[in-house]
Structure formats: C-alpha cells, structure tokens
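Down below is the structure, laid out as structure tokens.
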Amino acid sequence: MIDKSAFVIQTAIVEEGASIGANAHIGPFCIVGPHVEIGEVPY
Numbered sequence: 048m049i050d051k052s053a054f055v056i057q058t059a060i061v062e063e064g065a066s067i068g069a070n071a072h073i074g075p076f077c078i079v080g081p082h083v084e085i086g087e088v089p090y
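Our numbering puts the sequence shown at residues 48 to 90.
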C-alpha cells in the first residue's frame, strides 16, 4: 500500500506487497521490494 500523501517518482519501482507510509519520498531509480515497510515521516 502506498499512502496517498507519499511521493514516488516515476523512475522508482515499488513492488506489490510493499508499504509506503505518509509523507515518505521515494527518489529516482529506487527499488522497494515486496516485504519492505517504510514508515510515516513526521513533519
């Protein structure tokens, strides 16, 4: 699941099963695997 407030650039790959928290930023050419959890980024 990718939180609607997270930013994932178009060249990044987020595999099915990954979890991206609120306010997270996934940069260019990043690969996020299927069991990865990136938590909420507090602002």
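Think of the CB as a built atom: it goes at the ideal place given N, C-alpha and C, for glycine as much as any other residue.
Cβ-Cβ distance between residue i and residue j below 8 Å
i: residue 59; j: residue 76; result: yes
i: residue 73; j: residue 50; result: no
i: residue 80; j: residue 62; result: yes
Where residue i falls, given that 16 or more other Cβ within 10 Å makes a residue buried
i: residue 56; result: exposed
i: residue 83; result: exposed
Distance, residue j Cα to residue i Cα
i: residue 90; j: residue 70; result: 8 Å
i: residue 78; j: residue 86; result: 16 Å
i: residue 88; j: residue 65; result: 16 Å
6 Å CB neighbourhood of residue i in its chain, flanking five on each side removed
i: residue 48; result: 66
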